[in-house]
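When you line the sequence shown up against this note's numbering, it's residues 1 to 381, in that order.
Taking it in order: structure first as structure tokens, then the write-up.
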Amino acid sequence: MAARKRNPNGAGSIWRRSDGRYEGRVYVPQPDGTRKRKTVYGATWEECDTKRQELVRRDRQGIPTPTRSAKLSEWLPYWLEEFVRPERKKTTYAKYETHVRLYLIPHLGTKRLETLGVPDVRRMLTAVTSRASASTAKESHRVLRSALSAACREELINRNVAHLVPAPRVTPREMKPWTLEETATFLEAARSDPLYAAFVLAVALGLRRGEVLGLRWDDIDLNRRTLTVRSQLQRVQRELYADSTKNRRTRTIPVPLMCIAPLRWQRLRQAALRAAAGPRWESSDYVFTTRTGRPIEPRNISRSFERLADGAGLPRIRLHDTRHGCATLLFAAGVAPRVVMEILGHSQIAVTMNIYTHVSDDSRREAMGHMDRLLQRRRRE
């Protein structure tokens, strides 16, 4: 019988044991980036070789095959770098990394993937809720569930125990957007502010903070009165960068007349700033910039918004909450939900209907007025 060919380097080796079974060994990558020897067995050479080839295939595809069940402290950082960073936005990676570093590894890091149990996850959620909040624990649960799902897909574990533990119940934050009169009061108070045009766009179009700051003059057609949202400006740790929109889609919005004059004023104001800065001007084509043409820090526009609102004696809300107010006003004006969804840039209409619409007191009174008329007419009949 012809001798079997030796496997090439890196493909491992197989031999027959003294008990008649076959044993194979292959060096495979580990979740922590190292390489260790993995052993497989088979009743026949063919059975053992099939297992060996599977290890080699995983190795060539860069899929880790732990020689022992990896600890969460090993798997979670590997998952962040190999699965989250290449596929998700930087903001998502930063948020996940925070939960892994502050909550998951401190409470579950010593547990191994295969031995992680439902009680371990429950204890982690209780501890995070006590230390931070129920909403933070709910987000940590989501991060853990995603990491364990990836481990299941990589065939490192057979089940995702995070699916067996319900996330903490979170009481939704009560949202009270400004009324029409309060919104008008704010815009009047902000009229002399350098970021007045930015606030008008946030109020009238419901743009996100990053979308306002990420606008470029090429995105705005004042003659046709349209605005195209293509990107957003984000700050992640020490990096300020332009990113795609939240749902990675571009949308074009008709611009109401109330936005045209502020945008024209912003263009004239920026031209004056460019002339005054001279060689210090940093050309970027952003609509809203500092005195030297640099992009505006997202936190700074929020600070200006809060300062103006406080000065006008208005209830304190976030700049992002103007999206809620915009949606509410559009619904009150009879705009179709699908149109509101497209204006706000939501990927699902359920988000528009469940989160970003609020029934005003005037709308409630009008509805009850209809009830009065209906019932009174019924009694007369």
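No residue lacks a Cβ here, since even glycine has one placed at the ideal position from N, Cα and C.
Since the structure is predicted, the reported quantities are computational estimates derived from the model, not experimental observations.
Beta-bridge pairing of residue i - partner residues as DSSP gives them
i: P254; result: T226
i: W15; result: E23
i: I220; result: L227
Unbroken alpha helix (DSSP H) run spanning residue i, endpoints
i: W281; result: From DSSP, W281 is part of no alpha helix (DSSP H); its letter is neither H nor E.
i: R307; result: 298–311
i: A396; result: Outside the displayed span of the chain (1 to 381) sits residue 396, for which this structure offers no information.
i: G42; result: It is not in any alpha helix (DSSP H) - G42 instead sits in the beta strand (DSSP E) that spans 35–42.
i: L55; result: 45–60
i: I105; result: 105–108
i: R209; result: 209–213
i: V236; result: Per DSSP, V236 belongs to no alpha helix (DSSP H); it is in the beta strand (DSSP E), 231–236.
Counted within 10 angstroms of its Cβ, other Cβ atoms place residue i as buried (16 or more) or exposed
i: M1; result: Note that M1 has pLDDT 38, beneath the 50 cutoff, so the model's placement of it is unreliable and no number is given.
i: L268; result: exposed
i: K5; result: Confidence at K5 is low in this model, with a pLDDT of 46, below 50, so its placement is unreliable and no value can be given for it.
i: Q266; result: buried
i: G345; result: buried
i: I349; result: exposed
i: Q61; result: exposed
i: T44; result: exposed
i: P172; result: exposed
i: Q284; result: A small correction: the amino acid at residue 284 is Ser; Gln does not occupy that position in the sequence shown. The residue is exposed, with fewer than 16 neighbouring Cβ atoms inside 10 Å.
i: P66; result: buried
i: A275; result: exposed
Beta-carbon proximity check, residue i vs residue j, cutoff 8 Å
i: E211; j: T245; result: yes
i: H141; j: A127; result: no
i: D321; j: P106; result: no
i: Q232; j: G214; result: yes
i: H167; j: P262; result: Here the sequence assigns Ala to residue 167, which means His is not the residue at that position. No, they are not a contact pair.
i: Q30; j: P86; result: no
i: V121; j: V165; result: yes
i: V100; j: L76; result: yes
i: G311; j: A189; result: yes
i: R318; j: R208; result: no
i: K36; j: L72; result: no
i: W79; j: A150; result: yes
i: D49; j: V26; result: no
Residue i: first and last residue of the uninterrupted beta strand (DSSP E) it sits in
i: V28; result: 22–29
i: Y241; result: 239–244
8 Å contact criterion, which residue i and residue j should meet: CB distance rounded
i: L205; j: L227; result: 7 Å
i: E282; j: T292; result: 6 Å
i: R21; j: V40; result: Contact doesn't hold; Cβ gap of about 11 Å is too wide.
i: Q270; j: T250; result: Actually they are not in contact, since the Cβ atoms of Q270 and T250 sit about 24 Å apart, beyond 8 Å.
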